[in-house]
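With the working numbering applied, the sequence shown corresponds to residues 124 to 357, in that order. Where a beta carbon is used, it is the ideal one built from N, C-alpha and C, also for glycine. For clarity, every value in this text was computed on a predicted model and none was experimentally measured. For reference, the structure is listed below as structure tokens.
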Amino acid sequence: GLLVLALAGIAATFHANGRWVAIQGPVTLQAVDDGTLWLGVNEDVWILDSRGRREGRRSARGLGLTAAPSNMALAPSDQVLLASRVDRDWQLVERKTLAHVRTIRPQWPQDIADLPLNAVHLAVSPEGHVAAATGGGHTVLLFDREGRLLGRTAPDTYHFTNGLWWSPQGWWTTDTNRFVLRLLDARTLAVKADLPLRRAPPATPFLGEAMASQGLPRAGGTDLPLATLTRLGR
Numbered sequence: 124g125l126l127v128l129a130l131a132g133i134a135a136t137f138h139a140n141g142r143w144v145a146i147q148g149p150v151t152l153q154a155v156d157d158g159t160l161w162l163g164v165n166e167d168v169w170i171l172d173s174r175g176r177r178e179g180r181r182s183a184r185g186l187g188l189t190a191a192p193s194n195m196a197l198a199p200s201d202q203v204l205l206a207s208r209v210d211r212d213w214q215l216v217e218r219k220t221l222a223h224v225r226t227i228r229p230q231w232p233q234d235i236a237d238l239p240l241n242a243v244h245l246a247v248s249p250e251g252h253v254a255a256a257t258g259g260g261h262t263v264l265l266f267d268r269e270g271r272l273l274g275r276t277a278p279d280t281y282h283f284t285n286g287l288w289w290s291p292q293g294w295w296t297t298d299t300n301r302f303v304l305r306l307l308d309a310r311t312l313a314v315k316a317d318l319p320l321r322r323a324p325p326a327t328p329f330l331g332e333a334m335a336s337q338g339l340p341r342a343g344g345t346d347l348p349l350a351t352l353t354r355l356g357r
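Have a look at this one:
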């Protein structure tokens with residue numbers, strides 16, 4: 124009888140842990156216009172107003188994904204590119220209605236396709252090209268609007284790479300472990316410039332998410348900030 128109770132307790136613990144793992148909380152955030160935010164929460168996308176009040180909610184499956192959204196990137200023609208950590212395909216949806224537009228099946232090179240792709244980050248150019256930073260794949264890939272592979276960065280350009288964004292100068296990317304921002308040519312992905320960052324404080328020596336900054340200059344200055352970054356600890 125005690126053995127049965129013990130086994131039941133173990134089963135209940137595994138069940139509870141499984142439910143806990145499934146509750147991911149907020150994962151990805153995207154401002155789709157001046158007054159609207161999309162927030163990925165568990166298996167849904169929440170539509171929030173500028174004050175953070177929820178005005179709508181869509182399921183990941185209703186948007187063409189089979190798992191929680193992990194990436195939301197603005198795309199041309201008032202669309203948003205969606206991806207998850209499980210799906211190999213991407214989904215394009217309308218910004219105003221979240222209606223599904225089409226599916227993009229990227230041509231992952233085999234060495235990257237063999238990876239879990241749990242840490243892929245995406246950015247889209249005004250012409251619809253998609254850049255993908257592959258995390259532990261240590262490379263940035265470039266695809267056309269149909270998902271055809273256009274190119275990839277040279278070996279040893281990165282020691283892990285996470286955040287990235289498009290700019291008129293090219294693709295800004297993170298060399299995560301070397302604590303450097305790298306600017307890539309928009310078409311060839313050749314390195315155009317490196318921007319080493321200060322590692323202080325030492326408790327957070329890695330770069331995480333990154334995006335173009337919308338901040339204001341420092342008081343008394345005129346230079347706009349380049350990026351908004353998160354830092355990762357050991």
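When you compare each of the options to residue i by their alpha carbons, which one comes out closest?
i	options	result
A313	V216, L215, P278 and A190	P278
V164	M195, G286, D212 and G158	M195
D157	V150, P149 and R174	R174
L347	Q337, G356 and L355	Q337
R228	R271, A256, T257 and Q202	R271
A254	T262, L245 and H261	L245
E166	D201, L160, V209 and Q292	V209
L186	A206, L171, R176 and L197	A206
A316	W161, P324, L306 and T345	L306
R184	P319, L171 and A222	A222
T226	R211, R181 and P232	R211
Hey, could you find the ends of the alpha helix (DSSP H) residue i is sitting in?
i	result
D234	Q233 to A236
CB residue i to CB residue j, shorter than 8 Å?
i	j	result
L330	T280	no
G258	T284	yes
W358	A309	Residue 358 lies beyond the residue range present for the chain, which begins at 124 and ends at 357; the question has no answer from this structure.
P199	V168	no
S248	W288	no
E178	D201	no
A350	L304	yes
V203	V155	yes
Q153	L188	no
G356	A326	yes
Assign residue i to one of three DSSP states: helix, strand, or coil.
i	result
R180	strand
G274	strand
G338	coil
L160	strand
G293	strand
G260	coil
G185	helix
Q230	coil
R142	With a pLDDT of 47 at R142, under the threshold of 50, the modelled position of that residue is not reliable, and no figure is offered here.
D298	strand
What does a CB cutoff of less than 6 Å around residue i pick up in its chain, not counting 5 residues either side in sequence?
i	result
T353	G331 and E332
G274	L265 and L312
I235	T257 and G260
G238	It is Leu, not Gly, that sits at residue 238 in the sequence shown. Excluding residues within five positions, the ones whose Cβ falls inside 6 Å are G260.
T262	R275 and T276
A190	S207 and V209
V144	Any reading at V144 must be qualified, since the residue scores a pLDDT of 47, below 50, and its modelled position is unreliable; the value itself is stated next. Contacts found: none.
P328	R322
G343	none
So, at 7 Å on beta carbons, what are the nonlocal neighbours of residue i in its own chain, with the 5 sequence-adjacent residues on each side left out?
i	result
A242	G258, G259 and N285
L339	none
D267	H252 and L273
Assuming residue i is part of the beta strand (DSSP E), what are its boundary residues?
i	result
D210	Careful: D210 lies outside any beta strand (DSSP E) and carries neither H nor E.
T351	A350 to L355
H223	H223 to I227
P366	No answer is possible for residue 366: it lies beyond the span of the chain, which begins at 124 and ends at 357.
H244	H244 to V247
A196	P192 to A198
L240	First-last for L240: undefined, no H or E at that position.
R174	Neither: R174 is in no beta strand (DSSP E) and is coded neither H nor E.
Sorted by chain position, which residues of the same chain lie with C-beta nearer than 8 Å to residue i's C-beta, five sequence neighbours on each side aside?
i	result
P149	L162, G163 and V164
R341	none
Q230	F266, G270, R271 and L272
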